[in-house]
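**Student:**
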Amino acid sequence: MKKTNLSLPSHLETINKDDKYKIILAEQELIQWIEKLKAKKIFSIYTKTNHSNYMLANLIGISFAIEEKIAMYIPFAHDYQDAPKQLNYKWVLSKLKPLLEDPTRSKVGYNLKYDLHILARYGIQLRGIQHDIMIASHILNSTSRKNDIVSLAVDFLEHQCQCISLEKIARKGKQQFKFNQITLEETLPYSAKYADIILQLHNKIFKKIEHDSELKLIYKNIEIPLIFILFKMERTGVLIDDALLNLHSYKISNRLQELEFKIYKITNNRFNINSTKQLQTILFESMNFPIIKKTPSGKPSTSEEVLQELALYYPLPKLILEYRNLTKLKSNYIEKLPKMINMNTGRIHTSYHQVMTTTGRLSSSDPNLQNIPIRNKLGRRIRKAFIAKDNYKILSVDYSQIELRIMAHLSGDKNLLNAFQQGKDIHIATAAEILSVNAKKISNEQRYRAKAINFGLIYGISAFGLAKQLNISQYEAQQYINRYFKRYSGIFLYMENLRKIAYKQGFVETLFKRRIYLPEIKSKNKIRQKAAERSAINAPIQGTAADIIKKAMLLVSEWIEFKANDNVELLMQVHDELVFEVHKSILETAKNKIQKLMESAAKLNIPLLTKAKYGDDWDQAH
DNA sequence: GCATGATCC
DNA sequence: CAAGCCGATCATGCA
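Mapped onto full-length UniProt numbering, the consecutive letters of the first sequence carry residue numbers 1 to 622.
#1: For Glu-577 and Val-397, which I take to be in contact (beta-carbon distance under 8 angstroms), what is that distance rounded to the nearest angstrom?
#2: Spatial neighbours of Tyr-614 within its chain, please: CB distance less than 7 angstroms, with the 5 preceding and 5 following residues excluded, ordered by chain position.
#3: Is Tyr-448 helix, strand or coil when you go by DSSP?
#4: I need the straight-line Cα distance from Leu-283 to Phe-289, nearest angstrom please.
#5: Cβ atoms of Ser-151 and Gly-61: under 8 angstroms apart, would you say?
#6: Rank Phe-206, Lys-500 and Glu-561 by C-alpha distance to the C-alpha of Glu-533 and give the top, closest one.
#7: In angstroms, rounded to a whole number, what distance separates the CA positions of Asn-147 and Gly-128?
#8: To the nearest angstrom, how far is it from the Cα of Pro-103 to the Cα of Gly-123?
#9: With a Cβ-Cβ cutoff of 8 angstroms, do Ile-458 and Asn-538 count as a contact?
#10: Could you round the C-beta distance between Ala-65 and Ile-227 to whole angstroms and report it? I think they count as a contact, below 8 angstroms.
#11: Give the range of the alpha helix (DSSP H) segment to which Arg-534 is assigned.
#12: Rounding to the nearest angstrom, what Cα-Cα distance links Arg-255 and Gln-446 in this structure?
#13: Can you tell me whether Asp-390 is buried or exposed, with buried defined as 16 or more other CB within 10 angstroms of its CB?
#14: From which residue to which residue does the alpha helix (DSSP H) around His-202 run?
#15: Ends of the alpha helix (DSSP H) at Leu-578?
#16: Going by DSSP, name the residue or residues bridged to Asp-617.
#17: The alpha helix (DSSP H) spanning Gly-109 covers which residue range?
#18: Look up Gly-61 in the DSSP assignment and give the residues it is bridged to.
#19: Where do the ends of the beta strand (DSSP E) carrying Ser-144 lie?
#20: Here's the rule I'm using: 16 or more other beta-carbon atoms within 10 Å means buried, otherwise exposed. How should Ile-374 be labelled?
#21: In angstroms with no decimal places, state the Cα-to-Cα distance between Met-553 and Leu-369.
#22: Taking the continuous beta strand (DSSP E) assigned at Leu-570, which residues delimit it?
#23: Using a threshold of 7 angstroms, is the CB atom of Asn-538 nearer than that to any non-hydrogen atom of the ligand SAM?
#24: Which same chain residues, not among the five before or five after Arg-171, have their C-beta less than 6 angstroms away from its C-beta?
#25: Excluding the 5 residues preceding and the 5 following Arg-235 in the sequence, name in chain order all residues of the same chain whose CB lies nearer than 6 angstroms to its CB.
#26: I'd like the span of the beta strand (DSSP E) that includes Ser-364, first residue to last.
#27: Which residue from Ile-70, Tyr-250, Lys-504 and Gln-422 puts its Cα closest to that of Lys-330?
#28: Decide if Trp-618 is buried, meaning its Cβ has at least 16 other Cβ atoms within 10 Å, or exposed.
#29: Could you work out which residue in Leu-337, Lys-299 and Ile-292 is closest to Tyr-313 when comparing CA atoms only?
#30: Looking only at C-alpha atoms, which of Ala-463, Ala-477, Thr-49 and Val-574 sits nearest to Lys-530?
#31: Do three or more CB pairs link the stretch 489 to 496 to the stretch 510 to 528 at distances below 8 angstroms?
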């Protein structure tokens, strides 16, 4: 979410005197500026708001830049003592509306999804989004953590030195002010200047993207159009059955009390079970349990893995595990989700982030809807609270084994391609290959192990990781890996080559040439270097999957817009799954059409397949 | 603000 | 030789 509160500038004298920034306080001035904006091929836009939640934030002012160093700020809502009279926001917005909604007028901004939300609250649908420098800079380098406006200014506009004051101001940290309390003169380095810097950054950053035709395609054909799709998903939100969650909350509270009582009885000690520190003392000092694993800081670990093992010999760990499981469920989902329901819409509005991951995946926060429990039974009940409005149902469509399929495609391994081509159970096929046994003879245990190998491969397999996963010796794990690579030599060569490429050029690429830099690939620290090697293998696979589902989202959204309209809405994306709210009259049609579109999002050497199901809630749709 | 440990793909 | 498999977000306790 965009930060809207800013620290008070301490060095106002650092505003460059030659910057032609203007504060608009008179109607005639605005009219003149609108004409100037219209005369430009592209202009930048930056909104100032009073809240970080896009569903609640109001405009404090809005700024535009038409050329480098020529920018203006229209304040509406600065209400400090003796503030000058400002233009009426309704009047201003009515004047700006035609310009903002005109798709032929090109705009550039920073995180325009946020501006889309803010303007939508005032009945304006921003169109003509041509560029977004937050996204552009992420396309250039997704590994860089510093893609806020100030850092970008430091990186790309350094020689102009006008960013330095900005940097100083923005890092002054601690003291946060309400923007509407800042005087108009003081706002200039934040409002008009930001619009100016956005435009300047755009000129620099887009030039770099244009040099690379494939990066440009990802940027123009996937990421920029996706802004609007994500905006719509966020704005639509998802309906939550909070009565159901409250019921669970009550039940869980009771069970937690029982557990607490039992735990205290065994340990003969009242302590905070949520405190890992206190728990360490109880388990490994009072109770004298053996230390199975240590944390990075050298203290005895109390992780699930450890407690599971201890549970084989003692009754207490099992109670702790259940306690942990329930508190997590309670605080993170059952109590959190109802709090996040928007009063006006009655729905939950997450934030999807387009630039938070290195591989190109989306992430979700406030709340995170991409880690809602599914694996255990109790957790699944939370999904039951994700429901559809009257006369609608929840439809979930997900890619099956998309990452393994991508690995087959990218590597070109004949054996693996063949298995997918023939529609085999891929884990059984893998087991049969490794063990040189007929597929019909493969046991559940053998399939399970092959599955772990297949997943391990995607992560950049290691004997250590596989051994831990399967609870076997490292030697044994290495034997499996060796046999796998013998049978699937194309995979072996592909991965060897990726490591080489990563080392040589410092980055790897997805199928569509999205770039992922790996600065640690030459690290002297072997652990980090090995981790970078695993990323070199995982990133193209995970990143290609991310590219594909993004393409699918665009295809599906286009179909919804032109054919399905209000009967279908895209609600959520969970990496390889899309979740929809579908009118009951067109369930089958929508299901089939969406599957077809998703499966057509990329042409691989093997088919892309999806699974789809609908029901009253997200759990039923699985 | 860091450490730990939980959830998901 | 030890430690970690990819990528995320969030809650809690504690210095």
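Don't be surprised by glycine CBs; every beta carbon is placed ideally from N, CA and C.
**Tutor:** Answer, in terms of the structure:
#1: In the first sequence, residue 577 corresponds to position 577, counting from 1. In the first sequence, residue 397 corresponds to position 397, counting from 1. Indeed, because the Cβ distance is near 7 angstroms, the residues count as touching under 8 angstroms.
#2: Taking the first sequence and counting its residues from 1, the one referred to as residue 614 is at position 614. Within the same chain, Tyr-614 has close Cβ partners Lys-393, Ile-394, Leu-395, Val-582, Leu-587, Lys-591 and Ala-621.
#3: Residue mapping note: residue 448 aligns to position 448 of the first sequence, counting from 1. Three-state result, Tyr-448: helix.
#4: Counting from 1 along the first sequence, the entry for residue 283 is found at position 283. Counting from 1 along the first sequence, the entry for residue 289 is found at position 289. Here the C-alpha atom of Leu-283 lies approximately 6 angstroms from the C-alpha atom of Phe-289.
#5: Here residue 61 refers to the residue found at position 61 when the first sequence is read from its first residue. Here residue 151 refers to the residue found at position 151 when the first sequence is read from its first residue. Taking the C-beta atoms as reference points, Ser-151 is found no nearer than 8 angstroms to Gly-61.
#6: Working through the first sequence from its first residue, we reach residue 533 at position 533. When only C-alpha atoms are compared, the closest one is Lys-500.
#7: Start at 1 with the first residue of the first sequence, and residue 147 comes out as number 147. Start at 1 with the first residue of the first sequence, and residue 128 comes out as number 128. Straight-line measurement puts the Cα of Gly-128 at about 23 angstroms from the Cα of Asn-147.
#8: Indexing the first sequence from 1 puts residue 103 at position 103. Indexing the first sequence from 1 puts residue 123 at position 123. The alpha-carbon atoms of Pro-103 and Gly-123 are separated by roughly 16 angstroms.
#9: By one-based count along the first sequence, residue 458 stands at place 458. By one-based count along the first sequence, residue 538 stands at place 538. In contact: Ile-458 and Asn-538 (Cβ atoms closer than 8 angstroms).
#10: In the first sequence, the residue the question calls residue 65 occupies position 65. In the first sequence, the residue the question calls residue 227 occupies position 227. Rounded to whole angstroms, the Cβ separation of Ala-65 and Ile-227 is 20 angstroms, and the two are not in contact under 8 angstroms.
#11: Within the first sequence, the letter at position 534 stands for residue 534. In the DSSP annotation of this structure, the continuous segment of the alpha helix (DSSP H) that includes Arg-534 starts and ends at 526 to 559.
#12: For this step, residue 255 is matched to residue 255 along the first sequence. For this step, residue 446 is matched to residue 446 along the first sequence. So the alpha carbons of these two residues sit roughly 38 angstroms apart.
#13: The count along the first sequence starts at 1 and reaches residue 390 at position 390. By the neighbour-count rule (16 or more Cβ atoms within 10 Å), Asp-390 is not buried but exposed.
#14: Position 202 of the first sequence holds residue 202. Its alpha helix (DSSP H) spans residues 192 to 210.
#15: Position 578 of the first sequence, counted from the first residue, corresponds to residue 578. Leu-578 -> not in any alpha helix (DSSP H); beta strand (DSSP E) instead, spanning 577 to 583.
#16: Position 617 of the first sequence, counting from 1, holds the residue named residue 617. For Asp-617, the beta-bridge partners assigned by DSSP are Ile-387.
#17: Within the first sequence, the letter at position 109 stands for residue 109. Counting along the chain, Gly-109 sits inside no alpha helix (DSSP H); it lies in the beta strand (DSSP E) bounded by residues 106 to 109.
#18: Indexing the first sequence from 1 puts residue 61 at position 61. Per DSSP, Lys-48 and Pro-75.
#19: As a first step, residue 144 must be located in the first sequence, where it is residue number 144. That residue, Ser-144, is in no beta strand (DSSP E); it is neither H nor E in DSSP.
#20: Locating residue 374 in the first sequence gives position 374, where the first residue counts as 1. Of the residues assessed, Ile-374 falls on the exposed side of the cut-off, its CB having fewer than 16 other CB atoms within 10 angstroms.
#21: Stepping through the first sequence from its first residue, residue 553 is reached at position 553. Stepping through the first sequence from its first residue, residue 369 is reached at position 369. Taking the CA atoms as reference points, Met-553 sits about 17 angstroms from Leu-369.
#22: Residue 570 sits at position 570 when you count from the first residue of the first sequence. Segment 568 to 573, the beta strand (DSSP E) holding Leu-570.
#23: The ligand SAM is absent from the structure shown, which contains no ligand whatsoever.
#24: Translated into the one-based positions of the first sequence, residue 171 becomes position 171. Low confidence applies here, because Arg-171 scores a pLDDT of 39, under 50, leaving its location unreliable and the question unanswered by this model.
#25: By 1-based counting over the first sequence, the position of residue 235 is 235. A distance below 6 angstroms between beta-carbons, with the five flanking residues on each side excluded, links Arg-235 to no residue of its chain.
#26: Position 364 of the first sequence, counted from the start, is the residue given in the question as residue 364. 363 to 365 is the extent of the beta strand (DSSP E) around Ser-364.
#27: Start at 1 with the first residue of the first sequence, and residue 330 comes out as number 330. The residue with the shortest Cα to Cα distance from Lys-330 is Tyr-250.
#28: As a first step, residue 618 must be located in the first sequence, where it is residue number 618. When all chains shown are included, Trp-618 counts as buried.
#29: For the purposes of this step, residue 313 is taken as the residue at position 313 of the first sequence. Selected option, being the one with the closest Cα: Ile-292.
#30: Within the first sequence, the letter at position 530 stands for residue 530. Ala-463 is the residue among Ala-463, Ala-477, Thr-49 and Val-574 whose C-alpha sits nearest the C-alpha of Lys-530.
#31: Result no; under three Cβ-Cβ pairs closer than 8 angstroms.
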